[in-house]
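Number of protein chains: 2
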Amino acid sequence: MSLIVQKFGGTSVKDAERIFHVAGIIADTYRAGNDVIVVLSAQGDTTDDLVAKAQEIDPHASRREMDMLLSTGEQISVALCAMALRKMGLPVISLNAWQVGIQTTSVHSNARIKRIDSERVRAELDQHRIVLVTGFQGVNKNGDITTLGRGGSDTSAVALAAAFHADLCQIFTDVDGVYTCDPRLVPNARKLEEITYNEMLELASQGAQVLHNRSVELAKKFHVNLEVLSSYERKPGTKVKEVTKKVEKTNITGVAKDTSIARIALVGLQHNPGVAFQVFNLLSKANISVDVILQSIGREDTKDISFTVAKKDLEDAQKILLENKEAIHFDHLTVDDKIGKVSIVGAGVMAETGVAAKMFEALYEAGVNIQMINTSEIRVSVLIDEADVNKAVRAIHAKFFDEE
Amino acid sequence: MSLIVQKFGGTSVKDAERIFHVAGIIADTYRAGNDVIVVLSAQGDTTDDLVAKAQEIDPHASRREMDMLLSTGEQISVALCAMALRKMGLPVISLNAWQVGIQTTSVHSNARIKRIDSERVRAELDQHRIVLVTGFQGVNKNGDITTLGRGGSDTSAVALAAAFHADLCQIFTDVDGVYTCDPRLVPNARKLEEITYNEMLELASQGAQVLHNRSVELAKKFHVNLEVLSSYERKPGTKVKEVTKKVEKTNITGVAKDTSIARIALVGLQHNPGVAFQVFNLLSKANISVDVILQSIGREDTKDISFTVAKKDLEDAQKILLENKEAIHFDHLTVDDKIGKVSIVGAGVMAETGVAAKMFEALYEAGVNIQMINTSEIRVSVLIDEADVNKAVRAIHAKFFDEE
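Okay, structure coming up:
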């Protein structure tokens with residue numbers, strides 16, 4: 123007998139019909155002789171509706187009260203799904219975060235899970251009950267409700283899988299797995315049978331929306347076997363694990379794009395030591411993440427630093443840098459928000475000779491000009507014109523997957 | 123400095139505008155130098171909407187899961203109201219039942235409050251925060267969420283007032299107090315300045331909808347000073363307390379009607395001892411409440427028993443009695459669902475000579491035939507034709523209040 127954690131998102135439980143469908147998947151897993159813990163998100167638009175109610179009262183509502191408000195959404199989902207399973211004749215109980223004992227840090231709206239008490243869930247599993255748990259939320263040391271921020275329910279599922287040493291953690295989504303590329307962009311993109319945690323992390327942070335990085339990081343840390351699969355079709359998804367049995371030796375795992383970024387260049391910086399630290403420390407303090415940094419020699423005794431930030435952070439970043447122009451000592455600042463990033467991801471991409479070159483060749487043949495390059499051990503990213511992004515993705519995907 | 127508990131119902135917090143209005147009342151109370159605990163119900167139609175969602179999945183959903191579902195409604199209310207008060211610049215915190223520690227019995231959907239932990243609320247009051255508490259709900263010894271059934275939020279408010287020795291418990295409703303009669307029926311009905319717990323109990327159980335009996339019983343038991351007042355108009359309501367300073371010596375407190383009842387008569391019962399116990403025990407086991415019992419001598423060696431039940435219970439009661447016809451030994455059963463009950467309530471109504479007679483006189487003058495009479499120390503009720511009820515109420519009210 124295995125213990126399986128299953129997570130279903132908001133669209134999967136949006137109405138009674140979908141709830142019964144999800145209950146069918148859960149029932150099959152339970153009837154196959156497994157212990158089952160299920161994590162659910164809030165139904166369809168529930169969270170948006172609650173946010174709208176709060177906005178009407180105060181667009182800058184306290185995060186503590188927002189968490190109090192939003193956490194009701196998942197509680198509604200688990201109660202309704204428990205009713206559906208019970209109607210199907212299955213033993214089931216719904217539990218919210220404080221009943222499970224999901225202990226988090228105190229940061230409202232972006233808390234981290236610290237610990238999960240096991241008594242209640244264990245007792246319910248011992249009674250052979252299916253246990254439904256509210257995703258996205260926890261309780262802090264003051265006994266206040268916290269929420270986990272973006273990708274929170276995935277994180278709840280992985281954390282429960284880790285705490286109860288689950289054999290498998292299945293994340294059900296509206297896609298049926300992880301693809302070599304976005305199938306809407308490249309119709310012959312292939313579904314991957316397996317992918318490593320590190321590859322998944324790189325793909326996720328390079329714009330692939332399937333799993334949130336936090337949940338993958340947690341899965342990697344606690345060796346949780348993940349599977350991404352469809353809640354609509356009953357077929358195997360993509361397994362995310364430590365090591366995969368890769369058959370195609372020299373190939374990459376996938377191609378990802380990200381057009382939600384902008385580039386900032388600081389021109390004419392003095393050659394003072396620590397100037398890079400100074401710049402990125404200022405941005406980090408304002409919670410602005412920086413990606414793809416490039417430093418180049420400028421004219422005479424100066425240098426230039428270029429880097430990308432999320433488009434949503436562009437305005438704040440510019441403001442902070444200009445406010446500190448004197449302290450940082452730069453000549454002027456330029457901005458480009460018409461750029462995009464295209465990445466290839468795969469174990470050993472940089473170790474393998476010729477993989478990066480093959481990517482650049484595809485871009486050259488497609489007439490795409492590369493502005494900046496950034497690499498990790500298992501990833502190569504290029505910064506290009508936003509207008510070239512889709513063309514670049516198709517060219518690269520074709521180069522690696524069509525020529526086999 | 124006083125501690126005041128204020129309770130607002132669902133229509134009082136149904137949208138942002140009403141929430142800000144309620145927040146204004148709370149803010150005034152707090153700014154006048156009082157500690158304030160506020161109990162809120164679920165917004166407007168929230169509970170109905172949640173019930174509809176559950177019905178769609180299973181019309182016979184488990185009560186445990188119904189409580190899990192419905193308790194989200196009050197949590198939404200307290201979070202939103204906390205946002206409104208905070209926007210007005212007031213220190214405030216919302217707490218749900220498990221955060222407060224409202225310990226109840228285990229009966230889902232109809233739990234009783236056993237104990238209220240005081241630490242968290244006390245700590246928040248010590249920080250000079252307004253404390254908003256979810257009404258209608260608690261937690262049982264298993265850590266499961268329970269709800270308190272009808273009138274639950276009033277009960278929560280009174281229980282909190284008792285636990286924290288509040289100086290006053292204000293129940294805000296859509297009427298501005300307790301009247302001598304339903305003002306929609308008798309336009310010159312008068313608002314009472316004060317009423318005793320016992321009078322309020324009799325009025326409530328005789329059909330006056332202002333306060334639920336459970337909350338009044340609890341207030342009586344713990345000597346909680348209650349006030350019923352309007353959330354729309356800022357004016358004094360009706361105080362409910364142990365002893366009132368009654369000025370009008372021989373008058374009654376109010377006239378109430380109830381047309382949601384039906385009468386059952388068991389005809390031709392054997393004169394066995396314990397037959398009445400047998401009948402009412404059967405009904406009690408099915409959770410059917412019985413009111414106005416009349417036993418009369420029948421023909422020969424038999425007797426008849428008549429009693430009233432709520433109309434909604436009529437079918438079940440008939441079924442149970444007919445199923446046990448042999449055991450109870452009655453000849454036949456008759457039913458009348460076209461009846462109504464009219465009551466007068468007032469301290470010493472039965473002790474005071476002439477009060478009951480005055481009521482019967484009014485009915486006689488109005489040409490209303492009395493079918494059954496039932497009395498308590500502070501109440502006289504008559505059972506009459508349903509068609510005569512409004513006429514009877516007007517006649518009795520005029521007799522006692524217009525002739526002064």
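These protein sequences, in sequence, are chains A and B. Note that the working numbering gives residue 215 to position 93 of the first sequence, counting from 1, and the numbers run on in steps of one. Note that the working numbering gives residue 514 to position 392 of the second sequence, counting from 1, and the numbers run on in steps of one. Glycine residues also receive a C-beta, built at the ideal position from the N, C-alpha and C atoms.
Beta-carbon separation (whole angstroms), residue i vs residue j, contact threshold 8 Å
i, j, result
"residue 433/A", "residue 383/A", "6 Å"
"residue 408/A", "residue 442/A", "6 Å"
"residue 516/A", "residue 308/A", "6 Å"
"residue 145/B", "residue 207/B", "5 Å"
"residue 215/B", "residue 251/B", "5 Å"
"residue 424/B", "residue 388/B", "About 10 Å separates the two Cβ atoms, so there is no contact after all."
"residue 363/A", "residue 302/A", "In fact, because the Cβ distance is near 18 Å, the residues do not count as touching under 8 Å."
"residue 503/A", "residue 512/A", "Wrong, their Cβ atoms sit about 16 Å apart, outside the cutoff."
"residue 385/A", "residue 458/A", "5 Å"
"residue 522/A", "residue 480/A", "7 Å"
CB of residue i within 8 Å of CB of residue j, strictly
i, j, result
"residue 260/A", "residue 284/A", "no"
"residue 399/A", "residue 412/A", "no"
"residue 436/A", "residue 444/A", "no"
"residue 439/B", "residue 410/B", "yes"
"residue 298/A", "residue 351/A", "yes"
"residue 415/A", "residue 464/A", "no"
"residue 494/B", "residue 505/B", "yes"
"residue 272/A", "residue 334/A", "yes"
"residue 238/A", "residue 222/A", "yes"
"residue 490/B", "residue 514/B", "yes"
"residue 255/B", "residue 374/B", "no"
"residue 381/B", "residue 314/B", "no"
"residue 264/A", "residue 228/A", "yes"
"residue 401/B", "residue 419/B", "no"
"residue 226/B", "residue 192/B", "no"
"residue 346/A", "residue 300/A", "no"
"residue 376/B", "residue 325/B", "yes"
"residue 165/B", "residue 211/B", "no"
"residue 294/A", "residue 353/A", "yes"
"residue 316/A", "residue 469/A", "no"
7 Å Cβ cut-off: residues of chain B touching residue i
i, result
"residue 197/A", "190, 194"
"residue 221/A", "265"
"residue 149/A", "Here the premise fails: no neighbours, minimum Cβ distance about 14 Å."
"residue 445/A", "The contacting residues do not exist; residue 445/A stays about 29 Å from chain B at best."
Residue i: contacting residues in chain A (beta-carbon distance under 8 Å)
i, result
"residue 175/B", "138, 198, 202"
"residue 249/B", "Within chain A, no residue comes near residue 249/B; the closest Cβ sits about 12 Å away, beyond 8 Å."
"residue 74/B", "Because residue 74/B is not part of the residues shown, which for chain B are 123 to 526, the question remains open."
"residue 180/B", "205, 206, 208, 209"
8 Å Cβ cut-off: residues of chain B touching residue i
i, result
"residue 184/A", "204, 205, 208"
"residue 242/A", "265"
"residue 141/A", "179"
"residue 216/A", "187, 190"
- Is the stretch 125 to 136 of chain B in contact with the stretch 286 to 293 of chain B, if contact means three or more CB pairs nearer than 8 Å? yes
- Message: Quick check for students: name the residue ranges of the alpha helix (DSSP H) that lie wholly in the stretch 188 to 268 of chain A, counting only runs of 4 or more.
- Response: 219 to 222, 241 to 248
- Item | Cβ contact (3+ pairs, closer than 8 Å) linking the stretch 154 to 162 of chain A and the stretch 172 to 189 of chain B | no
- Task: Specify whether the stretch 128 to 148 of chain B and the stretch 198 to 205 of chain B touch according to this definition: at least 3 beta carbon pairs, one from each stretch, less than 8 Å apart.
- Result: With a cut-off of 8 Å, the stretch 198 to 205 of chain B and the stretch 128 to 148 of chain B count as touching, because enough Cβ pairs lie within range.
- Evaluate the contact criterion for the stretch 266 to 275 of chain A versus the stretch 246 to 254 of chain A: three or more CB pairs, one atom per stretch, below 8 Å. no
- In chain order, which continuous runs of the alpha helix (DSSP H) of length 4 or greater are located wholly inside the stretch 335 to 362 of chain B? 335 to 343
- Query: So, do the stretch 136 to 155 of chain A and the stretch 174 to 181 of chain A have three or more beta carbon pairs nearer to each other than 8 Å?
  - Reply: no
- Message: Quick check on the DSSP output: what are the complete alpha helix (DSSP H) runs of length 4 or more inside the stretch 374 to 441 of chain B, in order along the chain?
- Response: Complete alpha helix (DSSP H) runs here, min 4: 397 to 407.
- Enumerate, from N- to C-terminal direction, the unbroken beta strand (DSSP E) stretches of 3 or more residues contained entirely within the stretch 131 to 157 of chain B. none
- Can you list the beta strand (DSSP E) stretches of 3 or more residues lying completely in the stretch 482 to 515 of chain A, in chain order? Those beta strand (DSSP E) runs which fall completely within the stretch 482 to 515 of chain A and span 3+ residues are 494 to 498, 501 to 507.
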